[in-house]
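Below is one structure, written out as structure tokens; comments come after it.
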Amino acid sequence: MSGNTCIVTGANSGIGKETALGLARMGARVLMVCRNAEKGQAALQEIRRESGSSQVDLLIADMSSQASIRALAKQIGEKYPRLDVLINNAGAMSPTRKVSADGIEMTVAANHLGPALLSALLLDLLKASAPSRIVNVSSEVHARARIDVNDLQYERRKYSWGRAYAQSKLLMNAHTFELARRLEGAGVTANCLHPGLVATNLGGPDLPLGWKIMFGLLRPLFLNAQQGAQTTLYVASASELAGVSGKYFAKSKIAQSSPLSRDPKLAVEIWQWTEKIIGVRL
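As structure tokens, then:
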């Protein structure tokens, strides 16, 4: 990965931090995107120390805020002449229905619309740097999602954090496959992946007590963050995946995404809704 510039969102902890560290060890220039400056700075120093690389930078942005993402993309475009890999790793899980600074339901804002907007805004730079890759960190729970294209923000349906999270990852997958189709011949690949069941702080302190207890009991069965980053690192860097696009990976192998996520009619509906909400046409 020497000479490559890679972005990792949500890079101050968990899978994102281990992904940034792995890429730095491979010799890549790594741009860590973090929401919290203090936590991001601490992670930056740790990654520089453990990797022995000075080519690790910290950028601050909130992936649920469209204004913040636009400012981030502008900063990247002005400061960095190329972009080889964009890893949309940052995610959110809200136990209760909350809205972002843009008035959008928080889970879909952070997990789908944020990555979609950042990818769209950086697409020209990715094309100019081709061959390049977009890697979206999804989840196998997307297969459990039930979707209502007329109520993607749970304004009428009863909100459930589990259903909202699964839906956001279904949207991410379907959008990734449609993006890959539209990027054919552009030299930019787009893939998504399931990192495994990883012990992370997704959900944070707001997670209901019952779920905290359950996750605590199951934690010994989960992968650690370093193990959870392996599929992301593989999809981002493996030479044999050059030109491979529109795929879903698990355990560093091509896997089967849900039939619903590959429904071409649904993909177009999701694409059109996404363009409308983020205000960018591809």
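Per our numbering: the sequence shown = residues 493 to 774. Glycine included, every Cβ here is placed at the ideal spot set by N, Cα and C. Model, not experiment: these values are computed from the prediction.
Own chain, CB closer than 7 Å to residue i, minus 5 neighbours either side, in chain order
{"i": "Arg636", "result": "Ala658"}
{"i": "Cys684", "result": "Asn628, Ser630, Met664, Asn665, Thr668 and Tyr740"}
{"i": "Glu542", "result": "Leu513"}
{"i": "Leu614", "result": "Ala565, Ile568, Leu575 and Leu578"}
Near the ligand ATP: residue i beta-carbon under 8 Å from a heavy atom
{"i": "Val760", "result": "Absence of the ligand ATP is noted for the structure shown, with no ligands found whatsoever."}
Proximity below 9 Å, CB of residue i to CB of residue j
{"i": "Leu610", "j": "Thr501", "result": "yes"}
{"i": "Val680", "j": "Ile626", "result": "yes"}
{"i": "Ser592", "j": "Ala601", "result": "yes"}
{"i": "Ala672", "j": "Gly738", "result": "yes"}
{"i": "Arg674", "j": "Ala620", "result": "no"}
{"i": "Ile507", "j": "Thr724", "result": "yes"}
{"i": "Ala584", "j": "Ser556", "result": "yes"}
{"i": "Ala742", "j": "Glu632", "result": "yes"}
Close Cβ partners of residue i (< 6 Å) along its chain, the five nearest in sequence each way excluded
{"i": "Ala520", "result": "Met493, Asn496 and Cys498"}
{"i": "Leu774", "result": "Ala612"}
{"i": "Val577", "result": "Cys498, Arg625 and Ala728"}
{"i": "Asn580", "result": "Thr501, Pro607 and Asn628"}
{"i": "Ala535", "result": "Asn504 and Lys509"}
Burial state of residue i (16 or more Cβ within 10 Å)
{"i": "Gly677", "result": "exposed"}
{"i": "Gly595", "result": "exposed"}
{"i": "Thr588", "result": "exposed"}
{"i": "Pro687", "result": "buried"}
{"i": "Glu570", "result": "exposed"}
{"i": "Glu732", "result": "exposed"}
{"i": "Asn642", "result": "exposed"}
Residues near residue i in its chain [Cβ-Cβ closer than 8 Å; skip 5 each side]
{"i": "Arg540", "result": "Ala516, Ser546 and Val548"}
{"i": "Lys590", "result": "Glu597 and Met598"}
Rounded distance between the beta-carbons of residue j and residue i, thought under 8 Å
{"i": "Ser744", "j": "Gln722", "result": "6 Å"}
Checklist entry - For the 8 Å Cβ check, are there 3 or more pairs between the stretch 744–752 and the stretch 626–642? => result yes
Item to check | Cβ contact check for the stretch 546–553 and the stretch 757–769: 3 or more pairs under 8 Å | outcome: no
Next on the checklist: Whether or not the stretch 642–660 and the stretch 618–625 are in contact is what I'm after, with contact meaning three or more pairs of Cβ atoms, one per stretch, closer than 8 Å; do they touch?
Outcome noted: no
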